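Here the structure is laid out as structure tokens; the discussion comes afterwards.
There are 2 protein chains.
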Amino acid sequence: MRRDIFQAIADPTRRAIIALIALQAMTPNAIAENFNTTRQSVSKHLRILTECELVKQEQQGREIYYSLEVEKIKEVDQWVSQFRKLWETRFNQLDDVLSTLKQQQK
Amino acid sequence: MRRDIFQAIADPTRRAIIALIALQAMTPNAIAENFNTTRQSVSKHLRILTECELVKQEQQGREIYYSLEVEKIKEVDQWVSQFRKLWETRFNQLDDVLSTLKQQQK
DNA sequence: AACTTGCGAAACCGAATGGTTGCACATACA
DNA sequence: TGTATGTGCAACCATTCGGTTTCGCAAGTT
Numbered sequence: 058m059r060r061d062i063f064q065a066i067a068d069p070t071r072r073a074i075i076a077l078i079a080l081q082a083m084t085p086n087a088i089a090e091n092f093n094t095t096r097q098s099v100s101k102h103l104r105i106l107t108e109c110e111l112v113k114q115e116q117q118g119r120e121i122y123y124s125l126e127v128e129k130i131k132e133v134d135q136w137v138s139q140f141r142k143l144w145e146t147r148f149n150q151l152d153d154v155l156s157t158l159k160q161q162q163k
Numbered sequence: 058m059r060r061d062i063f064q065a066i067a068d069p070t071r072r073a074i075i076a077l078i079a080l081q082a083m084t085p086n087a088i089a090e091n092f093n094t095t096r097q098s099v100s101k102h103l104r105i106l107t108e109c110e111l112v113k114q115e116q117q118g119r120e121i122y123y124s125l126e127v128e129k130i131k132e133v134d135q136w137v138s139q140f141r142k143l144w145e146t147r148f149n150q151l152d153d154v155l156s157t158l159k160q161q162q163k
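These protein sequence lines are chains A and B, in that order.
Just so you know, the first sequence maps onto residues 58 to 163 in our numbering.
Just so you know, the second sequence maps onto residues 58 to 163 in our numbering.
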């Protein structure tokens with residue numbers, strides 16, 4: 058199933074899961090222990106994160122380790138970058154104003 | 058009302074609105090013309106965007122001009138940045154592997 | 001003063017969301 | 001083989017979401 062990454066990171070619990078498994082791969086049970094919710098609920102979140110390829114899984118015996126697909130977050134970074142130049146130019150414009158004022162003081 | 062910026066940018070129409078008013082301030086009617094939806098629907102989106110301070114409004118007569126509060130997007134940038142170092146170190150690790158292979162070839 | 005225009009708010013509706021509970025199944029262990 | 005453990009999935013439920021329609025109001029226009 059195709060899924061939107063922005064919709065995936067909209068939920069605060071999912072963002073917490075992402076931050077958690079960014080450091081090390083974890084099983085659903087281990088993840089659920091960190092939240093005030095059931096394992097099945099975490100499992101649903103992991104399914105959504107997997108569907109948009111934000112998370113990859115690796116089976117080990119009867120356990121499944123989930124870890125973050127860091128590269129995927131670049132998609133969010135790319136979206137942000139179109140506005141980054143805006144706040145940079147705004148900064149530059151402020152710079153211009155300041156240097157103009159400085160000129161006038163001379 | 059307090060609102061989560063990640064929940065605000067989850068909707069594709071809202072992201073389109075953000076991109077639209079990033080360049081110039083626009084009225085709800087003008088914005089709605091760019092989408093296949095009603096003005097009232099756009100108005101609801103603008104309300105959500107305003108609630109999380111992603112958008113500011115300026116009244117001019119009976120028209121209200123909406124424009125982007127670019128600075129607010131830095132919050133998303135900050136969230137991304139915690140993972141940016143991860144994909145940078147991953148790149149460095151790949152670098153290490155490559156240089157090790159090069160060493161062995163000598 | 002009557003009419004038009006631009007807008008937000010409220011009421012309503014179908015669809016999606018996030019959570020829980022119960023179940024089925026595979027893997028490990030006695 | 002029987003039992004415990006780790007997991008995904010389906011069914012169900014209350015809530016939220018995104019959209020439309022209707023309305024009221026303020027600002028212009030005639």
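Cβ coordinates follow ideal geometry from the N, Cα and C atoms, glycine included.
Computed from a prediction, not measured in an experiment: that's the story for all the values here.
According to DSSP, residues forming a beta bridge with residue i
i, result
"B:E120", "B:Q117"
"A:L125", "A:V112"
Three-way DSSP call (helix, strand, coil) for residue i in this model
i, result
"A:L111", "coil"
"A:K163", "The predicted model places A:K163 with a pLDDT of 43, which falls under 50 and marks its position as unreliable, so this point remains unresolved."
Opening and closing residue of the alpha helix (DSSP H) in which residue i lies
i, result
"A:F63", "I62 to A65"
"B:R59", "It is not in any alpha helix (DSSP H) - B:R59 carries neither H nor E in the DSSP assignment."
"B:A76", "P69 to L80"
"A:I130", "Run containing A:I130: none; DSSP gives neither H nor E here."
"B:N93", "Careful: B:N93 lies outside any alpha helix (DSSP H) and carries neither H nor E."
CB contact below 8 angstroms: residue i versus chain A
i, result
"B:S124", "no"
"B:R59", "no"
"B:K101", "no"
"B:K163", "Because the pLDDT of B:K163 is 44, which lies under 50, any placement of that residue in the model is unreliable, and the number read from its coordinates should be weighed accordingly. False, the Cβ-Cβ gap to chain A never drops below 8 angstroms."
"B:R72", "yes"
"B:F92", "no"
"B:Q64", "yes"
"B:I130", "yes"
CB contact check: residue i to chain B, cutoff 8 angstroms
i, result
"A:Q116", "no"
Presumed contact (8 angstroms Cβ cut-off) between residue i and residue j, rounded CB distance
i, j, result
"A:L111", "A:I88", "The pair is not a contact, with the Cβ atoms about 14 angstroms apart (cut-off 8 angstroms)."
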